[in-house]
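Chains as they are written, first to last, in the numbering used here: chain A, 43 to 486; chain B, 32 to 325; chain C, 210 to 353.
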């Protein structure tokens with residue numbers, strides 16, 4: 043039984059410091075380099091923050107272009123996360139290949155079903171690759187696209203481009219419906235105990251996703267939170283970040299996004315991670331596909347490791363439907379770009395939900411350059427450290443209390459943590475009865 | 032166009048990576064050359080290069096792991112986890128292997144800003160990893176601008192004190208910069224290496240196979256530049272030199288190879304090149320977008 | 210500059226480019242790059258023949274004097290930053306050059322350096338020995 047758990051983020055580069063002094067427009071490209079699998083998310087958040095600061099409202103066609111690029115990133119991520127990161131936990135892949143060698147024995151699928159899914163692992167490589175190809179039609183290249191910018195995107199939809207995207211989308215949707223969804227259900231069927239573990243904190247949050255279009259309304263979910271059994275609107279002023287257990291100097295220990303940027307301090311006593319502790323109304327909140335599907339009413343089965351995996355697969359299917367609506371709304375030849383000017387000083391916030399959950403960029407411009415840039419990623423919400431009141435983050439809470447069958451091969455831990463789709467190398471310590479039994483590294 | 036009679040150098044160039052790859056894979060199948068071991072380390076970076084590798088299309092990732100090499104260690108994709116994964120890494124390093132590294136190396140505070148795992152109770156920092164596995168590899172390939180020259184990980188003020196991997200190694204590193212590195216550049220270089228040994232490199236250790244021409248010299252928008260017809264904002268179809276395009280100083284074959292199964296590329300997307308494969312990226316390539324230039 | 214001086218300058222430009230291209234040809238083995246460089250040489254010879262033709266018809270003509278070389282203080286130079294309608298000028302070792310429209314100066318910036326500045330200190334470590342400055346148009350000198 044896991045008595046206590048700490049999730050550690052062991053990589054720090056310091057993007058918030060790097061951004062200071064740079065041209066605000068450059069942030070759209072620069073912040074993408076925070077992450078290679080969800081780079082589009084940062085380009086969109088950055089563009090939204092700049093639009094907020096410059097007082098620009100993107101035309102609807104521009105939003106459609108940008109959100110299509112973003113939607114493709116969802117598909118790429120979810121397919122890769124499910125097949126390349128999740129499936130190897132539950133399905134035995136060809137053991138002759140060194141990449142797939144594993145030592146645990148908790149593979150419960152009968153051979154025939156196992157081998158079908160193993161084959162889909164390889165089939166999915168082309169599909170997720172095609173999701174990035176679709177992204178590049180409007181985004182120029184993936185990862186680290188060029189199309190997303192203030193106003194929407196630099197590219198124009200042409201009939202050929204729309205046609206090509208539709209064709210790729212159809213293929214992806216076919217794969218999701220006929221292979222990915224059934225595979226997820228098969229795994230869920232043989233690993234039902236994972237519906238009982240990995241609950242986490244039970245609070246869910248979304249900044250809104252594919253929402254608030256003028257003509258189309260909300261295609262997915264609005265900014266909402268779920269806590270104590272009730273859904274309510276999101277109040278951005280209740281978002282804080284806490285660094286009590288993170289390697290940053292404690293002044294201040296809790297702050298709102300516009301208030302402060304924490305200074306790194308690797309020698310801080312009691313700290314164990316680079317990841318900070320974002321909080322809403324002082325409480326930890328989980329973000330991601332499960333949160334979104336729950337908040338829009340699309341999935342209410344439960345909150346657990348397996349529910350997270352299922353919700354992600356369901357969301358992939360939903361995103362293909364959303365993308366079709368957006369594609370059908372495109373007007374070819376529309377150029378969303380204007381000549382933009384940087385004001386001497388301004389501030390703006392870009393908050394949206396992306397593949398892993400809620401992402402926020404907060405920018406302050408002074409003297410025509412970036413003076414302050416705060417980034418709170420979805421992985422920070424999910425893999426958050428403990429705050430001052432010792433409340434564990436969702437990932438930590440999900441591990442605590444988990445019964446581990448075989449302490450030599452604690453497979454439950456990796457499976458639970460990976461259900462959050464973490465975007466960082468993370469290590470989990472298992473404590474039992476107050477003494478450190480083993481440090482298990484779980485590298486997602 | 033009749034491919035066999037075509038002497039179009041561009042088309043030939045496009046097939047370099049796939050031709051080399053298939054040749055190498057065939058040679059492995061026929062046991063004319065051994066199936067080499069590959070270790071891929073993700074260090075201080077965003078892991079964009081492994082994603083880019085997964086986006087390869089003829090040659091592709093499936094071909095890499097099934098036909099060309101034994102991929103012994105890659106922290107995102109391997110099934111093993113934790114201590115078992117680290118065991119694989121250290122035992123792989125006892126034999127012959129080619130080392131591919133993405134991400135720079137953080138050197139501040141003993142390298143503790145990037146820990147890739149734990150081994151025998153000790154954290155394995157990126158710095159330790161490169162010093163442990165770099166010297167013994169038969170070839171070391173730095174994949175992406177961060178590993179090659181520091182890249183975004185080393186952007187000013189460089190809080191993690193990041194450096195490219197060559198700075199920590201005496202032996203030569205084959206550099207494949209790019210943010211990310213195009214999968215063709217990596218797979219083509221790897222295939223060439225297992226077939227013929229180290230490819231011909233330029234003065235910055237980049238294979239001439241992929242890094243010889245300036246984007247400006249093969250850009251389809253070059254006639255606009257020559258005629259002085261410039262875009263005043265992204266989204267336009269003309270030359271983006273005035274917006275700050277770094278095509279004139281960047282050496283890659285993006286205009287013809289393009290990205291993601293040759294579907295598009297930054298300038299084709301009406302946005303300027305930001306010089307992501309350059310040694311000065313990002314600081315010396317900024318500002319990426321500038322309006323109101325004369 | 211007289212018409213003759215202009216022609217000499219243009220011919221020298223072509224010769225410098227051709228020499229550089231030949232240098233590159235010696236060191237490249239890539240077939241595609243070779244073809245590019247050979248195309249460039251073809252373009253240079255085409256330009257030279259045009260110049261020869263043009264000079265035959267105009268050898269008696271003297272074009273009016275162009276602007277005299279002016280003197281710039283650092284403050285005056287800083288206005289020529291390549292933005293808002295101002296040309297892009299840089300200074301190296303006392304001479305002021307016009308880099309407006311120079312391919313390596315996209316967005317009026319080059320490797321993190323901005324136009325409108327004296328770049329003598331940055332030039333030598335990067336470009337010493339390279340035929341860079343003699344391709345640039347001289348527009349003045351820095352005030353003593």
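The C-beta atom is built at its ideal place from N, Cα and C for all residues, glycine as well.
Just so you know, these numbers come straight off a predicted model, no measurement behind them.
Skipping 5 residues on each side, what residues in its chain have a beta carbon closer than 6 Å to that of residue 463 of chain A?
Hits under 6 Å: 123, 398.
So residue 426 of chain A packs on residue 435 of chain A, CB below 8 Å; how close in whole Å?
About 3 Å; that satisfies the 8 Å criterion.
Determine the chain B residues that contact residue 334 of chain C at a beta-carbon separation under 8 Å, and present them in chain order.
The contacting residues do not exist; residue 334 of chain C stays about 13 Å from chain B at best.
Do you know offhand how far residue 269 of chain A's Cα is from residue 295 of chain B's?
Whole-angstrom Cα-Cα distance: 44 Å.
Enumerate in chain order the residues of its own chain whose CB-to-CB distance from residue 281 of chain A is below 8 Å, with the five nearest sequence positions on each side excluded.
So the list reads 298, 299, 320, 321, 322, 402, 418, once near-sequence residues are dropped.
Can you look up residue 210 of chain C in the DSSP assignment and give me helix, strand or coil?
Note: residue 210 of chain C maps to coil in three-state DSSP.
Could you tell me the boundaries of the beta strand (DSSP E) in which residue 274 of chain A lies?
Unbroken beta strand (DSSP E) run through residue 274 of chain A: 272-275.
Considering just the uninterrupted stretch of the beta strand (DSSP E) at residue 147 of chain B, what are its terminal residues?
First-last of the beta strand (DSSP E) with residue 147 of chain B: 146-150.
Under the criterion of a Cβ to heavy atom distance below 7 Å, does residue 250 of chain C qualify as lining the ligand SAH?
No copy of the ligand SAH appears in this structure; indeed no ligand is present at all.
To be precise: take each residue of the region 280-295 of chain B, compare its Cβ to all Cβ atoms of chain C, and keep it if any distance is under 8 Å. Which residues remain?
Those residues of the region 280-295 of chain B that come within reach of chain C (Cβ to Cβ, closer than 8 Å) are 280.
My parser needs the alpha helix (DSSP H) runs of 4 or more residues fully inside the region 158-229 of chain B; what are they?
Runs of the alpha helix (DSSP H) inside the region 158-229 of chain B: 176-180, 214-227.
Taking only the alpha-carbon atoms, compute the straight-line gap between residue 238 of chain B and residue 205 of chain B and give it to the nearest angstrom.
Straight-line Cα distance between these residues: approximately 7 Å.
Quick one: what does DSSP say residue 98 of chain A is sitting in, helix, strand or coil?
Of the three classes helix, strand and coil, the one that applies to residue 98 of chain A here is coil, per DSSP.
Between the alpha carbons of residue 290 of chain A and residue 456 of chain A, how many angstroms are there, rounded?
Approximately 27 Å between the Cα atoms of the pair.
With C-beta atoms as the reference, is residue 130 of chain B less than 8 Å away from residue 164 of chain B?
Cβ distance < 8 Å, so residue 130 of chain B and residue 164 of chain B count as in contact.
What separation, rounded to the nearest whole angstrom, lies between the Cα atoms of residue 77 of chain B and residue 193 of chain B?
Whole-angstrom Cα-Cα distance: 13 Å.
Give a yes or no on whether the C-beta atoms belonging to residue 305 of chain B and residue 127 of chain A are separated by under 8 Å.
Contact: no.
Quick check on DSSP: helix, strand or coil for residue 68 of chain A?
It is helical.
List the residues of chain C whose Cβ lies closer than 7 Å to the Cβ of residue 112 of chain B, in chain order.
Correct list: empty, because the minimum Cβ distance to chain C is about 42 Å.
Would residue 151 of chain A pass as a contact of residue 133 of chain A if the rule is Cβ separation under 8 Å?
A contact, by the Cβ cut-off of 8 Å.
Which bits of chain B does residue 126 of chain A rub up against, with CB to CB less than 9 Å?
What residue 126 of chain A touches in chain B: 85, 107, 108.
Consider the Cβ of residue 275 of chain B: report whether some Cβ of chain C lies at a distance smaller than 8 Å.
Yes - at least one Cβ of chain C is within 8 Å of the one on residue 275 of chain B.
Does DSSP put residue 63 of chain B in a helix, in a strand, or in coil?
In the structure shown, residue 63 of chain B sits in coil (DSSP, three-state: anything other than H, G, I, E or B).
Within 8 Å of any Cβ in chain C, is that where the Cβ of residue 44 of chain B sits?
Residue 44 of chain B counts as touching chain C.
In its own chain, which residues sit with a C-beta less than 7 Å from the C-beta of residue 260 of chain B, not counting the 5 before and 5 after it?
Same-chain partners within the cutoff: 269, 270.
Out of curiosity, what's the CA-to-CA distance linking residue 268 of chain C and residue 256 of chain C?
Below a pLDDT of 50, predicted positions are generally treated as unreliable, and residue 268 of chain C, at 44, falls in that range; the measurement from the model is reported next regardless. Computed Cα separation, rounded: 18 Å.
Go ahead and label residue 207 of chain A buried or exposed: buried means 16 or more other beta carbons lie within 10 angstroms of its beta carbon, across all protein chains shown.
The residue in question, residue 207 of chain A, is buried, as its Cβ has 16 or more Cβ neighbours within 10 Å.
If the cut-off is 7 Å on Cβ atoms, which residues from the region 224-250 of chain C count as contacting chain B, listed in chain order?
Going along the region 224-250 of chain C in chain order, one finds 237, 238, 239, 240, 241, 242, 244, 245 with a Cβ nearer than 7 Å to chain B.
List the residues of chain A whose Cβ lies closer than 8 Å to the Cβ of residue 317 of chain B, in chain order.
64, 65, 68, listed in chain order.
Using a Cβ-Cβ distance cut-off of 8 Å, determine whether residue 55 of chain A contacts chain B.
It does; some Cβ of chain B falls within 8 Å.
Decide if residue 273 of chain B is buried, meaning its Cβ has at least 16 other Cβ atoms within 10 Å, or exposed.
With 16 or more Cβ atoms within 10 Å of its Cβ, residue 273 of chain B is classed as buried.
Using a Cβ cut-off of 9 Å, pull out every chain B residue sitting near residue 83 of chain A, in sequence order please.
None at all; the shortest Cβ gap to chain B is about 12 Å.
Just to make sure I have the definition right: I need the residues of chain B whose C-beta is within less than 7 Å of the C-beta of residue 190 of chain C. Which are they?
The structure shown does not extend to residue 190 of chain C, since chain C is modelled only from 210 to 353, so the question has no answer here.
When burial is assigned at 16 or more other CB atoms within 10 Å of the CB, is residue 244 of chain B buried or exposed?
Buried is the call here.
Check each residue of the region 143-157 of chain B: if its Cβ is closer than 7 Å to any Cβ of chain A, include it; give the result in chain order.
Residues passing the 7 Å Cβ filter: 143, 144, 145, 146, 147, 148, 149.
Are at least three pairs of beta-carbons, each pair with one atom in the region 205-220 of chain A and one in the region 342-350 of chain A, less than 8 Å apart?
Contact fails: fewer than three Cβ-Cβ distances are below 8 Å.
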